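Have a look at the structure below before the remarks.
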């Protein structure tokens, strides 16, 4: 199994604080250590600690108030899944935090609009996977339904049965020596069809987010297309944009100093 790249430092700090809140080290209703105290405990910068606390706020675990501090609101995160996306590392972390449960796999001859979406010719035989994605170790409804199409050259990819936290594109890279160098993402709102609503234990016609990711190799050929449908309330998406100053290092880079 491919090893996961290291997480950003702020996410490591956030996960430690989440575990400590869940264990009762910081009881509900009590204040957490100050920002400076946490910097000292973790040997981390104020940027790192602030980003970590921001994760906890957005999960509904704590609140921040000027002049008061950071107060613990809950020992458990709000239901749903929040994705923070800054690059391929975070995309892999999304897969590591969740499980893909493959329900069906079959070859399909593509045509019409699907050909345009896949950059394929009519009649090409692509591998289609119908899947449910779930948060690990939580007995909650699926966070999304995922429809995945894999290019004919890689349709023999194996180890697709059952649940897995390993992304499909990583399996393709490992088994075929291919390299994904770019992922394009589109997000739009949709209404749940009766069929999808039943699979997702949601109300038919209710709003949802459709996130389509297209994976390209170094020759800008489509290797995989994955379309994920998330019912409202089970998923939120966060992305940070920072100004790149001349003479500075990569935007948002933090070494924990």
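Residue numbers (the numbering used here): -6 to 250. Idealized CB from N, CA, C, for every residue including glycine. In this text the structure is predicted, and so the values were computed from the model without any measurement.
Leaving out the 5 sequence neighbours to the left and right, which residues in its chain are closer than 8 Å to residue i when beta-carbon positions are compared?
i: residue 15; result: 68, 69
i: residue 34; result: 26
i: residue 258; result: In the structure displayed, the chain extends from -6 to 250; residue 258 sits before or after that span and is not available.
i: residue 129; result: 90, 91, 92, 158
i: residue 175; result: 208, 209, 213
i: residue 42; result: 3, 6, 28, 31, 32, 35
Kindly indicate the opening and closing residues of the beta strand (DSSP E) around residue i.
i: residue 92; result: 91 to 102
i: residue 138; result: 137 to 143
If you draw a straight line from the alpha carbon of residue i to that of residue j, how long is it in whole angstroms?
i: residue 134; j: residue 193; result: 6 Å
i: residue 28; j: residue 117; result: 57 Å
i: residue 217; j: residue 195; result: 27 Å
i: residue 24; j: residue 39; result: 18 Å
i: residue 239; j: residue 137; result: Here residue 239 scores only 46 on pLDDT, less than 50, and its place in the model is too uncertain to base an answer on.
i: residue 142; j: residue 121; result: 5 Å
i: residue 4; j: residue 111; result: 34 Å
i: residue 57; j: residue 45; result: 12 Å
i: residue 179; j: residue 125; result: 19 Å
i: residue 185; j: residue 197; result: 5 Å
i: residue 103; j: residue 64; result: 54 Å
Counting along the chain, where does the alpha helix (DSSP H) carrying residue i start and finish?
i: residue 13; result: 2 to 16
i: residue 189; result: 187 to 193
Once you ignore the five residues that flank residue i on each side, which residues in its own chain have a CB closer than 6 Å to its CB?
i: residue 173; result: 162, 208
i: residue 156; result: 92, 94
i: residue 187; result: 197
For residue i, does the three-state DSSP call read helix, strand or coil?
i: residue 105; result: helix
i: residue 227; result: coil
i: residue 19; result: coil
i: residue 171; result: coil
i: residue 126; result: strand
i: residue 156; result: strand
Spatial neighbours of residue i within its chain, please: C-beta separation below 7 Å, excluding the five flanking residues on both sides.
i: residue 123; result: 96, 97, 140
Closer than 8 Å, CB to CB, is residue i near chain D or not?
i: residue 16; result: In the structure shown, chain D does not exist; there is a single protein chain.
contact_flag[the stretch 143 to 150, the stretch 161 to 173] where n(CB pairs < 8 Å) is 3 or more: yes
Three-pair Cβ contact test at 8 Å for the stretch 186 to 203 versus the stretch 212 to 223: yes
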